[in-house]
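Inspection log for the structure reproduced underneath, given as structure tokens.
Set out below in structure tokens:
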């Protein structure tokens, strides 16, 4: 399958995973969903690494630990936002990760004493935050403001996770090993947070168990498609195609959850998509990622 089709399949699978997360949130806390998603990912990645002959032994456990902390926290916040907000809104706020990375790049340039900043990168960051303001104001009431902030914070932490995965790629860590240890971190952290905040695991119904399994399988299948797309395709084309996830999520929200979308919110989504694509293109010129870093920041 060509790389663009693989990328489209990955975004559709991630959006479908979001639907399952939203449905599962009626039965489970976000941390518990993260735990089961991690367990399924662990098993799947262990099988894939064995099949492909990739060792799970690592020389940089500390780097995996910090990557898991930021990635799992982002995932918990994202799943929480999906359960509380319209699906397309939660997905769009998480896709702000590309804009956050551009902001980090600008901040690093300031700290390094750069005499001149890229005004195009600055404009893309401002455009992204204008889009956030348009999305949150018409679609999130005062009771849901914290849910919106959780979704926004998930995108920021996803950007941090991407930078850490970039460092792992430069350290020679293969993608499957990185995803495996992230899944381990998700399973452990999800179990601990669930034990502390929820007092233990929820009892399963057939529907709930099926949704949890679907979340894990969809996320794993999407990650495999994504990894293959980056391995054989053009990274910038893939990065632009990933924003189809917002379109798919909007369609799911309208069809399945009767989500309403106002014109300001629609404009805000378009602004974030445009800002994210622009930031990705400009950031690649300034600081291109390593060739072996095949990672979707929006899957943390």
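In our numbering, the protein residues as written are 11 to 310.
All C-beta atoms, glycine included, are put in the ideal place defined by N, C-alpha and C.
The model shown is predicted, which means the values in this text are computed figures rather than measured ones.
| Asked | Found |
| --- | --- |
| 4-residue-minimum alpha helix (DSSP H) runs that sit fully inside the region 240-280, ordered along the chain | 245-251, 254-266 |
| Touch test, the region 166-175 against the region 11-27, Cβ-Cβ under 8 Å, three pairs minimum | no |
| Residue closest to residue 37, alpha-carbon to alpha-carbon, out of 186, 113, 215, 242 | 215 |
| 8 Å contact criterion, which residue 164 and residue 87 should meet: CB distance rounded | 4 Å |
| Assigned exposure category for residue 199 - 16 Cβ within 10 Å defines buried | buried |
| Contained alpha helix (DSSP H) runs [length at least 4] in the region 104-136, N- to C-terminal order | 107-121 |
| Alpha helix (DSSP H) segments (min. 4 residues) lying fully within the region 180-229 | 185-207 |
| Distance, residue 276 Cα to residue 159 Cα | 19 Å |
| Beta-carbon proximity of residue 257 to residue 41, cut-off 8 Å | no |
| Cβ-Cβ distance between residue 232 and residue 85 below 8 Å | no |
| Continuous alpha helix (DSSP H) stretch holding residue 63: start and end | No alpha helix (DSSP H) holds residue 63; DSSP gives it neither H nor E. |
| Residue 77: first and last residue of the uninterrupted alpha helix (DSSP H) it sits in | 71-94 |
| Test item: CB-CB of residue 14 and residue 234 under 8 Å | no |
| Validate contact between the region 44-55 and the region 181-196 using beta carbons, cut 8 Å, 3 pairs | yes |
| Exposed unless 16 or more other CB atoms sit within 10 angstroms - verdict on residue 110 | buried |
| Three-state class that DSSP yields for residue 35 in the structure shown | coil |
| Span separating the alpha-carbon of residue 270 from that of residue 229 | 26 Å |
| Residue 3 classed as buried or exposed, judged by whether at least 16 other C-beta atoms fall within 10 angstroms | The structure shown has nothing for residue 3, since the chain only spans 11 to 310. |
| Residue 77 vs residue 174 beta-carbon contact at 8 Å | yes |
| Whole-angstrom distance between residue 101 and residue 218, CA atom to CA atom | 22 Å |
| Cβ-based burial, residue 301 [other Cβ within 10 Å; buried from 16] | For residue 301, the predicted structure reports a pLDDT of 43, less than 50, and the residue's modelled location is therefore unreliable. A value from the coordinates is still provided. With fewer than 16 Cβ atoms within 10 Å of its Cβ, residue 301 is classed as exposed. |
| Separation of residue 243 from residue 62, as counted between CA atoms | 20 Å |
| Same chain, Cβ closer than 6 Å to residue 285, five either side skipped, listed in chain order | 109, 134, 137, 138 |
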